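In my numbering, the protein residues as written are 5 to 223. What follows is a set of notes on a single structure, which appears directly below.
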């Protein structure tokens, strides 16, 4: 049984990925950059700086990055009333905590976005710690967020499991020596998540909860 489970939030516990895509698309349009939405989606899960470099290139990201981040955050928060936890996602977190597993939320979200996510998820009372984008210098797929989450959990990599929805989650966790259980709710295929190194893939939080007793989280 894992001593700690580290959860990504966007696309894993909260249905927010496509709100992020829409917000980034609006931000780029506002700045006169034509970026296809699918390209944005392919980069969701990376920190905002890495996402910008991916879709705009290093040079243009350097020119408009700060303004793009501000616009994205504003447009995203305008849609915060559409945020919802995935079916049974809070139950999954609570089920693990009830078994004595330390749960840490590890997200790239900034303070205002994190506040909205925590409000809709409503599991602060059973979460051991939260690591956000403000707590690290380098974001996923860099392993620094995973290292920070491990430190907050007080556990070793081999007794910890990361749960995420993006290949960037899997890459970051692998670099830190942590196994990843992936979910498809962020819009990434099982084949891609498995190829990235996920040890198991479920449709969503509800499916993981249903199979929890047989999963690597408790096995």
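Heads up, the beta-carbon is just placed ideally off N, CA and C, and yes, glycines get one too. As the structure is a computational prediction, the values presented were derived from the model and not from experiment.
DSSP links residue 168 through a beta bridge to 186.
Where residue 109 is concerned, the enclosing beta strand (DSSP E) starts and stops at 106-110. The secondary-structure analysis by DSSP pairs residue 89 across a beta bridge with 18. In the structure shown, residue 216 adopts helical secondary structure according to DSSP, grouped into three states. Residues of the same chain with a CB within less than 6 Å of the CB of residue 69, apart from the 5 flanking positions on each side, are 56 in chain order. Excluding residues up to 5 positions away in sequence, 107, 130 lie with their Cβ nearer than 6 Å to the Cβ of residue 101 in the same chain. In this structure, residue 165 sits away from residue 140, with a CB-CB distance that is not shorter than 8 Å. Annotation: the continuous alpha helix (DSSP H) that includes residue 153 extends over 148-157.
In the three-state scheme derived from DSSP, where H, G and I count as helix and E and B as strand, residue 59 is classed as helix. DSSP places residue 174 within a helical segment (H, G or I) once states are collapsed to three. Residue range 204-206 is occupied by the beta strand (DSSP E) that includes residue 204. Taking all protein chains shown into account, residue 9 has 16 or more neighbouring C-beta atoms within 10 Å of its C-beta and is therefore buried. Residue 84 and residue 177 have their alpha carbons spaced roughly 28 Å apart. Here the alpha carbon of residue 19 sits roughly 13 Å from the alpha carbon of residue 170.
The segment 179-195 and the segment 205-222 touch, with three or more beta-carbon pairs separated by less than 8 Å. In this structure the segment 111-128 does not lie against the segment 28-39, because fewer than three pairs of beta carbons, one per stretch, are closer than 8 Å. Here DSSP, grouped into helix, strand and coil, assigns residue 211 to helix.
Counting only residues of its own chain and dropping the five nearest sequence neighbours on each side, residue 127 has a CB closer than 6 Å to the CB of 94, 97. Only buried fits residue 135, as 16 or more other CB atoms lie within 10 angstroms of its CB.
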